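Presented below is the structure to which this report refers.
Numbering (the numbering used here), first residue to last: 102 to 263.
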């Protein structure tokens with residue numbers, strides 16, 4: 102009888118994990134749709150640009166997440182956009198948050214910008230245009246004012262599902 106109870110507990114955990122994974126995937130798809138919508142409204146964006154995206158998560162399994170988009174343009178400036186949410190536990194003393202692109206291989210980092218304020222839901226964002234090409238950058242990291250990594254993620258080429 103105790104074996105049945107244990108099995109039910111494990112099945113419940115698996116079901117909850119599946120629901121969380123599906124919800125995370127849905128949030129990611131929604132973020133990418135918002136990025137696509139933003140790109141269609143930006144003047145001068147090259148339609149041949151390559152989009153690299155990343156879901157940013159806490160390396161310490163804390164609350165909060167983010168989404169990053171790096172637009173690699175063959176004919177103009179490259180762009181980097183980063184949006185965060187769920188960082189409501191971040192205290193004022195931890196601000197500003199610094200967003201950086203991290204180079205592939207070489208220990209090179211490039212500052213995208215600072216998120217100086219977060220709303221009550223822990224949401225904020227930053228973007229920057231770069232005349233320098235961003236192809237050699239493969240990750241995004243967000244640190245608080247003390248240098249603690251809050252969120253990070255690896256960039257990969259975005260393929261639209263529509």
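By construction, the Cβ of each residue, glycine as well, lies at the ideal position given by its N, Cα and C atoms. No experiment lies behind these values; they were computed from the predicted model shown.
Suppose contacts are defined by Cβ-Cβ distances below 8 angstroms. Is residue i in contact with residue j by that definition?
i: residue 230; j: residue 189; result: no
i: residue 171; j: residue 235; result: yes
i: residue 239; j: residue 203; result: yes
i: residue 252; j: residue 165; result: yes
i: residue 241; j: residue 184; result: no
i: residue 191; j: residue 213; result: no
i: residue 205; j: residue 237; result: yes
i: residue 259; j: residue 152; result: yes
i: residue 247; j: residue 195; result: yes
i: residue 167; j: residue 147; result: no
i: residue 225; j: residue 216; result: yes
Where do the ends of the beta strand (DSSP E) carrying residue i lie?
i: residue 164; result: Here residue 164 belongs to no beta strand (DSSP E), and DSSP marks it neither H nor E.
i: residue 256; result: Run containing residue 256: none; DSSP gives neither H nor E here.
What did DSSP end up calling residue i once you bin it into helix, strand or coil?
i: residue 116; result: helix
i: residue 181; result: strand
i: residue 152; result: strand
i: residue 244; result: strand
Go through the stretch 204–240 residue by residue and report every complete run of the alpha helix (DSSP H) that reaches 4 residues or more, in order. The qualifying runs do not exist here; there are none.
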